[in-house]
Structure formats: C-alpha cells, structure tokens
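Residue numbers (my numbering): 598 to 810.
Even for Gly, the Cβ is constructed at its ideal location relative to N, Cα and C.
Note that the structure is predicted; figures quoted are calculated from it, not measured.
Structure record follows, encoded as structure tokens.
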Amino acid sequence: MHLSNWLLFCSVALLVTFSPGPAVLLAISNAIAVGPRRAMISSMGNGFGLFIISGVAMAGMGVVLATSATAFMLLKLAGALYLVYLGIKQWRSKTSIVADAPVALGAANPNSFWKLFRQGLTVALTNPKAILFFSALFPQFITPGEPVAIQFTVLTTSFVACAMLAHLFYANLARLLKTQLATPGRAKLFNRISGGAFVLLGLSLLRLRAKTA
598 MHLSNWLLFC
608 SVALLVTFSP
618 GPAVLLAISN
628 AIAVGPRRAM
638 ISSMGNGFGL
648 FIISGVAMAG
658 MGVVLATSAT
668 AFMLLKLAGA
678 LYLVYLGIKQ
688 WRSKTSIVAD
698 APVALGAANP
708 NSFWKLFRQG
718 LTVALTNPKA
728 ILFFSALFPQ
738 FITPGEPVAI
748 QFTVLTTSFV
758 ACAMLAHLFY
768 ANLARLLKTQ
778 LATPGRAKLF
788 NRISGGAFVL
798 LGLSLLRLRA
808 KTA
C-alpha cells in the first residue's frame, strides 16, 4: 500500500470517526457515568466489533446487505431497537451523573468490564451502515496485486485507532463538562438529551436504505 493512499484513508477515517454517532454518544454517556478510563472499555468493544465487521465485509457480507432487502432490514431493525433500548434506559435514569453509583445505559456497574465491552460491541455489530461503509470504502484504497488480507488488516487497524482516538477525545471532553452537570436538574437534562439522541439515532437507522444494484 502506498503511503499517500494510507494517509488519505486515515484522513477519511478521522473525519468519519469524529462525526457524532452511536459509538461516540456511547463513549460520552459512559464517560459521564463511570469516567473516561472505564468508558474506553466500551470503545474497546466497539473496536473489536469493527474488526469483525471488516472481516464480514471482506467475506462479502456487504454485497449481501446491498442486494438482499430482507437481510438488510433485519440487521437494520436489530440496530435500531438496541439504540432505542439504550435511549429509554438513559431517559428514565434518575441517578445524578456525579453520584458514586453509575447512571443510565442499564445502570452499568463501573466494575463490570464485560457489560461495558458488550455495549460497545453490540453498537458496532448492529450498525449496517458500518458494513456498507467498509464494503464501499476499502476497495478504493486496495492496491491491486498486493496481498488483500494484509491491506485489510492495516486499513482496519488504522480505522479502529482513529475511532479510539475520537472516543478518547469525546470522553475527556465529557469529563471536563461533568462539573457543570453536577446538579440533579442538569443531570436529568443530560439523561433526557442523550437518551433522546439515542432514540433519534435508532429511528434514523430505520430510514437507511440499502444500496441496490
């Protein structure tokens, strides 16, 4: 892979990963709830999910989703329902975001590594846009005649690194804003806004249409 191709891909990846979406919102919510360091556990789960999605796209699932309306609809529905579920949990939470007890997202235990990891993984795996994105983007940066598996590994690792960087940025930004959200009223407002954002993201996912030939 040419260095210029890789740098261009990283530029695109940074633009995509820094754009607010379900994974970014999850990182912000968990950073407020359990702190930036613990929030990165969900980002690790999301990164692992991106590796799986990259492999699925490489195996041709992207083509299936782009041509099979049923397969696309099922994955889209699963992703939308999970985001709506997270949103309702966040919306209904009455716990202060600065309390010792964690808030929202199912009242995740700050010591529950696997619950946080599973949240990020599920958000990644139930997003059909990610598979279509990898399927459409990766071929543009593949050098013909070179080992495809190695190139996919480099591209996926680079994309995940950009995503982790974006999540770290937003998580620390949330930490800086945490003191401004210390009052119960502001905590409730944050839960309502972020919960509503999850629900809106889920509903917007239902409007996503597969690219058919």
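For the segment 617–668, the full-length alpha helix (DSSP H) segments reaching 4 residues or more read 619–631, 633–655, 658–664 along the chain. With fewer than 16 other Cβ atoms from the protein chains shown falling within 10 Å of its own Cβ, Gly657 counts as exposed.
Where Ser608 is concerned, the enclosing alpha helix (DSSP H) starts and stops at 600–615. Note that the C-beta distance between Ile685 and Gly618 is not below 9 Å.
As the crow flies, the alpha-carbon of Phe648 is around 23 Å from that of Leu678. One Cα belongs to Leu770, the other to Gly742, and the distance between them is close to 43 Å.
Between the alpha carbons of Phe645 and Lys785 lies a gap of roughly 32 Å. Arg804 has its alpha-carbon roughly 16 Å from the corresponding atom of Ile728.
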